[in-house]
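Engineer: To convert, note that position 88 of the sequence shown is 133 in the numbering used here; the numbers rise steadily by one, no gaps.
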Amino acid sequence: MKIGIDASRANQKNKTGTEWYSYNLIQELKKIIPENVKVVLYSKEPLENGLGILPQNWESKILNWPPKFLWTQIRLSLEMLKLWNRPKLLFIPAHTVPIFHPPKTILVAHDIGFEKMKELYGDKEIGYQSNILKSFLKFLVKLVTFGQYGTSELDYHRWAMKHGLREASKIITVSDFSKKEICEHYNIDPKNISVVYNGFSSNEYFP
């Protein structure tokens, strides 16, 4: 069996909560996934800070993508279109599901803070700095989403979560509270979401 993991967030230099979650989870999975299971870590750049130290049955695949945005939706999607070489299962621990993906795709939906505290996300836009290219991207996004979304970070988070929840074959979240909020806001059947609580290092945190 071949498992693919989106390691792009785990490989970021400046990590926040979900990036650290992804990083530490991948490091622990290296210890428990059997040797007869092949694992591929997909990333934008070479793996750093220990991520690149891989068991024999693991490999790193760098998917180059010059633009600084939409790597998941375009570049990772293109990789998933290679039916002869794509993983049997794709695991997304800290971001969103690519447009094209295997039937078995697992998403970790951490929370919907962007819906509850919109003011923290502001109107900052993703994409190019050039006004012409920025306008073109905004037009393209509105066209593809039938006018529902723009190119702000808030819109991207909203679209990514809605798309991921709809497309994933299995959804994981990190608390009963997050599960309740996700189910209520997106009208998701609670049976479709499993709660797996965050772990901790007993070497660093102990009585």
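We put the CB at the ideal spot given by N, CA and C, even for glycine.
Using the rule of at least 16 other Cβ atoms within 10 Å of the residue's Cβ for burial, across every protein chain shown, is Pro143 buried or exposed?
Structural biologist: buried
Engineer: If you compare alpha carbons, which of Lys47, Ile137, Leu128 and Leu115 is closest to Asn102?
Structural biologist: Lys47
Engineer: Checking 8 Å against the spacing of the C-beta atoms, do Glu160 and His230 come in under that value?
Structural biologist: yes
Engineer: Three or more C-beta pairs closer than 8 Å, one from the region 122-139 and one from the region 46-63: is that the case here?
Structural biologist: yes
Engineer: Excluding five sequence neighbours on each side, which residues of the same chain lie with their C-beta closer than 7 Å to the C-beta of Val84?
Structural biologist: Ile48, Ile50, Ile78, Asn102 and Trp103
Engineer: Within 10 angstroms of its Cβ, does Trp129 collect 16 or more other Cβ (buried), or is it exposed?
Structural biologist: exposed
Engineer: To which residues of the same chain is Ser53 closer than 6 Å at the C-beta, ignoring the five residues directly before and after it?
Structural biologist: Ser88 and Lys89
Engineer: What residue ranges within the region 80-161 form continuous alpha helix (DSSP H) runs of no fewer than 4 residues, ordered along the chain?
Structural biologist: 122-125 and 158-161
Engineer: According to DSSP, is Lys75 part of a helix, a strand, or is it coil?
Structural biologist: Helix at Lys75.
Engineer: By the DSSP assignment, the beta strand (DSSP E) with Lys215 in it spans what residues?
Structural biologist: Lys215 to Thr218
Engineer: For the alpha helix (DSSP H) that Ile227 lies in, which residues bound it at each end?
Structural biologist: Asp221 to Tyr231
Engineer: Would you mind stating whether Leu96 and Tyr66 have Cβ atoms separated by less than 8 Å?
Structural biologist: no
Engineer: Expressed to the nearest angstrom, what Euclidean distance is found between the alpha-carbon atoms of Thr63 and Leu188?
Structural biologist: 30 Å
Engineer: Determine the closest residue to Gly244 out of Asn56, Gln72 and Asn59, with distance taken between C-alpha atoms.
Structural biologist: Gln72
Engineer: Might you give, ordered along the chain, the residues of its own chain that have their beta carbon closer than 6 Å to the beta carbon of Val219, omitting 5 neighbours on each side?
Structural biologist: His155 and Asn243
Engineer: My guess is that Leu115 and Ala213 are in contact by the Cβ rule of under 8 Å, so how many angstroms apart are they, rounded?
Structural biologist: Leu115 to Ala213, Cβ: 19 Å. No contact.
Engineer: Straight-line CA distance for Gly195 to Thr61?
Structural biologist: 25 Å
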